[in-house]
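All residue numbers in the sequence shown are consecutive under this note's numbering, ending with 130. For every residue, glycine included, the Cβ atom is placed at its ideal position computed from N, Cα and C. For reference, the structure is listed below as structure tokens.
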Amino acid sequence: IDHLADALSTGLVGLGLGLTGHMHLVVGLVIVIAYLALSINTYLETQALGTFKLGYGRLGPTEARLGVIALLALTAVGVDVSVGSLSLLDLVGIGVSGAMAIAVSVRAVGNLRVLALREPVPPYTPAP
């Protein structure tokens with residue numbers, strides 16, 4: 003049930019950001035998808051490998067939350083950086099989503115390598 007509550011709260015945060023005038027809805031939902039992919043990968047590797055690693059590299063959930071607080075503080079004081087129709091939150095959200103996609107891909111490939119090494123290879127027997 004904790005995983006469901008985490009997914010629901012993450013979805014609501016992304017939806018809330020996307021419904022403000024500071025971020026496009028699509029960017030907010032892409033962030034949610036990327037975050038949930040990280041979470042799902044963590045749950046899968048915990049079950050398959052027996053190890054629980056919450057952070058990805060030097061960044062974990064606490065650093066992510068501090069980054070969100072800093073961005074929202076900049077938005078609240080009126081810092082307005084935009085490129086075309088993309089706001090500061092859009093630009094950072096796209097960058098963070100891309101970084102999360104790369105992080106989960108790298109870690110998933112590493113997990114697949116570990117699982118491949120653990121899986122015994124059957125001996126080759128030619129067909130009759």
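Reduced DSSP secondary structure (H/G/I, E/B, other) of Ala89: Residue 89 is actually Ser in this sequence, not Ala. It is a strand residue.
Contact check, Ala110 vs Ala36, beta carbons under 8 Å: no
Bridge-paired residues (DSSP) for Leu61: Tyr58
Rounded Cβ spacing between His5 and Tyr58 (contact assumed at less than 8 Å): About 18 Å; that fails the 8 Å criterion.
Bridge partners - Ser84, DSSP secondary structure assignment: Ser89
Cβ separation of Asn43 and Val106, assumed to be a contact under 8 Å, to the nearest whole Å: 5 Å
The segment 67-78 / the segment 121-128 touching (three or more Cβ pairs under 8 Å): no
Under the three-state DSSP convention, the category Gly23 falls into: coil
Same chain, Cβ closer than 6 Å to Gly13, neighbours up to 5 away in sequence not counted: Val34
Sequence-distant residues of its chain with Cβ nearer than 7 Å to Ser99 (five each side left out): Val32, Ile33, Ala36
Secondary structure of Lys121, DSSP reduced to three states: The question names Lys, but residue 121 in the sequence shown is Glu. Glu121: coil per DSSP, three-state reduction.
C-alpha gap between Leu56 and Thr127, whole angstroms: 42 Å
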